[in-house]
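A.B. asks: There's a structure below that I have some questions on.
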């Protein structure tokens, strides 16, 4: 079983000195407590005189497991998406600042979808390549972590997982420009939109999984074929051409496929309600730009960020640096992407193109209620802090990002990117009324940072300028672009209590 897959909560006692968490919200069964006395630690001297760094061995354990109920979904599904060996970096955030080049004002580190940037669309993400071994096209991204030593020249020693500077950044700038252009081109193409079927499925018996997944894959292929048909016949026929020549035949095939799924499940004793309401498809509204993010460029609390429609500095030099975000980018030694269950019961499928955020990128500007302690050390995952840890020799620095996992059952995004998917209750793991438990994503990032660098306070994450590399501003983003058959495997693995890796 991968590291850090336990289901936890942490009770709250005092507010962290950095102001990172005025309120500890549940993280799919994980919440955080600070220690009594000095916030976030137990008597440690400030590292190098900087209170943002704390010796993890002086922090009291603060992670308390949420007891699983009788119906808990205890499986895990881990996706191998590498650790960004391809060097996919940019200062964009397609969820919070769509259409704004370099709008994040700090550099993000990506795995999964290789096309993600500010101009990405649902269509461009679905047509891209991926670093994930199982073909998962989802986009997973977080702020880079850098080492900046006084004597450092930015060249790096080449053997601690650095980003591979130099020509790579210039290539990435050109690649992002090309991807933006291609994304905008795709946005102008007519496309069909059909409801997900996987989100409506009951638990699929193991014996039926292969057959059901083949039918789900067929639904995805049918949409892709319809898209190609619309594109190839643009300009033909009258105003009803698309409805008669494309959508009509597509819906007939969908109806037959959905009926086959119902028949398969019935043979294995699983009843599925009539789902003809999922048959109708429509032509996408071409006035809809980028990823539909609810119409606001916000970073966590629903308030639009001032000036986010302006022009922002582009990262420069061998290490993609921005003012205040300088030093050598550290590639994670390990990236663990694991979806987990709920201590309260089974989980249901996520819809495709669901966007999910965790953490608060601007706790200073927007308040710290949404910030989540994310830092720990290998061997010390029974404690989480919102400061940079100093780990024992040989122990990796960890960033553990748990995502909300209670979906409203309708929306793939909301104006503040939060209201459509929330955290479960931190004591019981139950979702609020009207919300459904979906697989909870946990991303664990491990970094091999020299102990002397940690002690000197010479490593930090990128942040918005006003945060000054505040560790409490750590955050993570996820756009689900799994096919329906992959998502079905995730759900059934978790609900069956299995440990799956793809």
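Numbering (mature numbering (1 follows the signal peptide of the UniProt record, and there is no 0)), first residue to last: -31 to -1, 1 to 471.
Where a beta carbon is used, it is the ideal one built from N, C-alpha and C, also for glycine.
Rounding to the nearest angstrom, what Cα-Cα distance links residue 454 and residue 426 in this structure?
C.D. replies: The residue you call residue 454 lines up with position 485 of the chain shown. The residue you call residue 426 lines up with position 457 of the chain shown. The straight-line gap from Cα to Cα measures roughly 45 Å.
A.B. asks: With C-beta atoms as the reference, is residue 50 less than 8 Å away from residue 85?
C.D. replies: Along the chain shown, one-based indexing puts residue 50 at 81. Along the chain shown, one-based indexing puts residue 85 at 116. For residue 50 and residue 85, no; Cβs fall outside 8 Å.
A.B. asks: Counting only runs of 3+ residues fully inside the stretch 282 to 326, write out the beta strand (DSSP E) ranges in chain order.
C.D. replies: For the stretch 282 to 326, whole beta strand (DSSP E) runs of length 3 or above, ordered along the chain, are 297 to 299, 303 to 309.
A.B. asks: Would you list, in sequence order, the uninterrupted alpha helix (DSSP H) runs of no fewer than 4 residues that lie entirely inside the stretch 182 to 256?
C.D. replies: Listed in chain order, they are 217 to 236.
A.B. asks: If contact is defined by three or more beta carbon pairs under 8 Å, each pair taking one atom from either stretch, is the stretch 390 to 398 in contact with the stretch 60 to 74?
C.D. replies: The stretch 60 to 74, when compared against the stretch 390 to 398, does not touch it at the 8 Å Cβ threshold.
A.B. asks: May I ask you to list the residues that DSSP assigns as paired with residue 358?
C.D. replies: Within the chain shown, numbered from 1, the residue matching residue 358 stands at position 389. Answer by DSSP bridge pairing, in chain order: 23.
A.B. asks: Figure out for me which residue from 459, 94, 162 has the closest Cα to the Cα of residue 103.
C.D. replies: As a first step, residue 103 must be located in the chain shown, where it is residue number 134. It is 459 whose Cα lies nearest to the Cα of residue 103.
A.B. asks: For the structure I just gave you, are there three or more beta carbon pairs, one from the stretch 332 to 339 and one from the stretch 430 to 448, closer than 8 Å?
C.D. replies: They touch, by the three-pair rule.
A.B. asks: Tell me whether the beta-carbon of residue 447 lies closer than 8 Å to the beta-carbon of residue 372.
C.D. replies: Walking along the chain shown from the start, residue 447 turns up at place 478. Walking along the chain shown from the start, residue 372 turns up at place 403. A contact, by the Cβ cut-off of 8 Å.
A.B. asks: Judging by CA-CA distance, which residue of 312, 177, 346 is the nearest neighbour of residue 360?
C.D. replies: Counted from its first residue, the chain shown places residue 360 at position 391. For the residues 312, 177, 346, the minimum Cα distance to residue 360 belongs to 346.
A.B. asks: Tell me where the alpha helix (DSSP H) around residue 93 begins and ends.
C.D. replies: Residue numbering aside, residue 93 sits at position 124 when the chain shown is read from its first letter. Where residue 93 is concerned, the enclosing alpha helix (DSSP H) stretches over 91 to 95.
A.B. asks: Is the beta carbon of residue 290 less than 8 Å from the beta carbon of residue 250?
C.D. replies: The residue labelled residue 290 in the question sits at position 321 within the chain shown. The residue labelled residue 250 in the question sits at position 281 within the chain shown. Going by C-beta atoms, residue 290 is not nearer than 8 Å to residue 250.
A.B. asks: What first and last residue would you give for the alpha helix (DSSP H) that runs through residue 491?
C.D. replies: The chain is shown only over -31 to 471; residue 491 falls outside these bounds and no answer can be derived.
A.B. asks: Excluding the 5 residues flanking residue 470 on each side, which residues of the same chain have their C-beta closer than 6 Å to its C-beta?
C.D. replies: Stepping through the chain shown from its first residue, residue 470 is reached at position 501. So the qualifying residues of the chain are 47.
A.B. asks: Taking the alpha-carbon positions, what's the residue 406 to residue 380 distance?
C.D. replies: Taking the chain shown and counting its residues from 1, the one referred to as residue 406 is at position 437. Taking the chain shown and counting its residues from 1, the one referred to as residue 380 is at position 411. Near 14 Å, if we compare the C-alpha coordinates of residue 380 and residue 406.
A.B. asks: Whole angstroms is fine: what's the gap from residue 357's alpha carbon to residue 342's?
C.D. replies: In the chain shown, the residue the question calls residue 357 occupies position 388. In the chain shown, the residue the question calls residue 342 occupies position 373. Their Cα atoms are separated by approximately 10 Å.
A.B. asks: Do residue 170 and residue 282 have their beta-carbon atoms positioned less than 8 Å apart in this structure?
C.D. replies: Translated into the one-based positions of the chain shown, residue 282 becomes position 313. Translated into the one-based positions of the chain shown, residue 170 becomes position 201. In this structure, residue 170 does not lie closer than 8 Å to residue 282 by Cβ.
A.B. asks: Could you please give me the residues that DSSP links to residue 340 through a beta bridge?
C.D. replies: Position 371 of the chain shown, counted from the first residue, corresponds to residue 340. The partner list for residue 340 (beta bridge, DSSP) is empty, contrary to what the question assumes.
A.B. asks: Identify whether residue 148 lies in helix, strand or coil by the three-state DSSP scheme.
C.D. replies: Walking along the chain shown from the start, residue 148 turns up at place 179. Three-state result, residue 148: helix.
A.B. asks: For residue 103, is the beta carbon positioned less than 7 Å from some heavy atom of the ligand NAP?
C.D. replies: By its list of ligands, the structure shown contains no ligand whatsoever, and the ligand NAP lies outside what it can speak to.
A.B. asks: Does residue 179 have its Cβ less than 8 Å from a Cβ in chain C?
C.D. replies: Checking the listed chains, one finds no chain C in this structure; it contains a single protein chain.
A.B. asks: Going by DSSP, which residues form a beta bridge with residue 370?
C.D. replies: Along the chain shown, one-based indexing puts residue 370 at 401. Paired residue(s): 412.
A.B. asks: Can you look up residue 179 in the DSSP assignment and give me helix, strand or coil?
C.D. replies: The count along the chain shown starts at 1 and reaches residue 179 at position 210. The answer is helix: DSSP assigns residue 179 an H, G or I state.
A.B. asks: Considering Cα atoms alone, identify which of 244, 326, 216 is closest to residue 412.
C.D. replies: Taking the first residue of the chain shown as 1, we reach residue 412 at position 443. The option with the nearest alpha carbon to residue 412 is 326.
A.B. asks: In the DSSP assignment, the beta strand (DSSP E) including residue 45 goes from what residue to what residue?
C.D. replies: Stepping through the chain shown from its first residue, residue 45 is reached at position 76. First-last of the beta strand (DSSP E) with residue 45: 45 to 48.
A.B. asks: Please identify the residue among 81, 79, 414, 89 whose C-alpha is closest to the C-alpha of residue 70.
C.D. replies: As a working note, residue 70 is residue 101 in the chain shown. It is 89 whose Cα lies nearest to the Cα of residue 70.
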